[in-house]
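Visitor: My structure is below; once you've seen it, I'll send some questions.
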Amino acid sequence: MEKSYALQCLDFACIKTMQKGGDYNSLGHISNSILKLLSEGVTVGFTSKEGARGYVSDLSSDDIEKEILINLIRAKAVERENDLLRALSTTKKIEDDNLNSEESLFLIYDKLSKDGMNNLKWILNKYPNLFTELCLSFANTRYFDTKDYGIKKLDEVKLNEEDIVLINKIKSYYSETEEKQPSK
248 MEKSYALQCL
258 DFACIKTMQK
268 GGDYNSLGHI
278 SNSILKLLSE
288 GVTVGFTSKE
298 GARGYVSDLS
308 SDDIEKEILI
318 NLIRAKAVER
328 ENDLLRALST
338 TKKIEDDNLN
348 SEESLFLIYD
358 KLSKDGMNNL
368 KWILNKYPNL
378 FTELCLSFAN
388 TRYFDTKDYG
398 IKKLDEVKLN
408 EEDIVLINKI
418 KSYYSETEEK
428 QPSK
């Protein structure tokens, strides 16, 4: 599957920023930069080197949301393909304050699978801390945990029918949202 323009821009900006080294090459910095871009449109967390900041400056929050949600599906596919899946279930609910990262991602995935994008979007807007977990997962699986995940594995993973259905739900939701936006 060919990478979307938004994902190409995110990858380029994140990789160029990480190449600066030091604190810029940390999971915390990259995930927070993505979160600030998503929630506030702030691009200063990304380097301006080679125009990297410019690549992400034109991305909408919908572009970023779509990519971090698709990445969650692809990460689950990588886990399944490489026998990394751990049995996880929880009696906790999304509104619980004491969710850990795995529980949050499990509940987001479960909500998308069972209830669809409209309900998931409502939940994400009601509990914006879930975006923190999605951005952290995106940055970790694409750029930092290259042993188990990494860009190549995520982009080339074999998707099963359920994965394809979920990704199509995500893409469809954001393309419909885009069509409803007034022209600039």
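Just so you know, we're using the numbering used here here: the sequence shown kicks off at 248 and counts up by one. Ideal Cβ positions, reconstructed from N, Cα and C, are used throughout, including at glycine.
Look up Gly268 in the DSSP assignment and say whether it is helix, strand or coil.
Guide: Indexing the sequence shown from 1 puts residue 268 at position 21. If DSSP states are grouped into helix, strand and coil, Gly268 belongs with coil.
Visitor: Just to confirm my understanding: we take Ser351, look at its own chain, exclude 5 residues before and 5 after, and list those with CB closer than 7 Å. What are they?
Guide: Counting from one through the sequence shown, the residue named residue 351 turns up at place 104. Hits under 7 Å: Leu377, Glu380.
Visitor: Is Val289 helix, strand or coil when you go by DSSP?
Guide: The residue you call residue 289 lines up with position 42 of the sequence shown. DSSP places Val289 in coil when its eight states are reduced to three.
Visitor: Assuming Phe293 and Thr264 make a contact with CB atoms under 8 Å, what is their CB distance in whole Å?
Guide: Translated into the one-based positions of the sequence shown, residue 293 becomes position 46. Translated into the one-based positions of the sequence shown, residue 264 becomes position 17. Confirmed, Cβ separation roughly 5 Å.
Visitor: How many Å lie between Ser295 and Lys250 at the Cα?
Guide: Residue 295 sits at position 48 when you count from the first residue of the sequence shown. Residue 250 sits at position 3 when you count from the first residue of the sequence shown. One C-alpha to the other measures close to 23 Å.
Visitor: Run through DSSP, which three-state label would Asn329 get?
Guide: For the purposes of this step, residue 329 is taken as residue 82 along the sequence shown, with counting starting at 1. Three-state result, Asn329: coil.
Visitor: Can we say the stretch 272-280 touches the stretch 387-400, given the rule of at least three CB pairs closer than 8 Å?
Guide: In short, these stretches touch, since the Cβ pair count reaches three.
Visitor: Residues in the same chain with beta-carbon distance under 6 Å from Ser280, minus the five sequence neighbours each way, listed in chain order, please.
Guide: Taking the sequence shown and counting its residues from 1, the one referred to as residue 280 is at position 33. Closer than 6 Å at the Cβ level, and outside the excluded window around Ser280, lie Gly292, Phe293.
Visitor: Rounded to whole angstroms, how far is the Cβ of Lys416 from the Cβ of Gly363, which I believe are closer than 8 Å?
Guide: Here residue 416 corresponds to residue number 169 of the sequence shown, with the count starting at 1. Here residue 363 corresponds to residue number 116 of the sequence shown, with the count starting at 1. With a Cβ gap of about 6 Å, Lys416 and Gly363 count as contacting.
Visitor: Roughly how many angstroms lie between the CA atoms of Gly397 and Asp310, to the nearest whole one?
Guide: Working through the sequence shown from its first residue, we reach residue 397 at position 150. Working through the sequence shown from its first residue, we reach residue 310 at position 63. Each residue's Cα considered, the two are about 20 Å apart.
Visitor: Considering only residues of the same chain and omitting the five flanking positions on each side of Ser348, which have a CB-CB separation below 6 Å?
Guide: Position 101 of the sequence shown, counted from the first residue, corresponds to residue 348. Around Ser348: Glu380.
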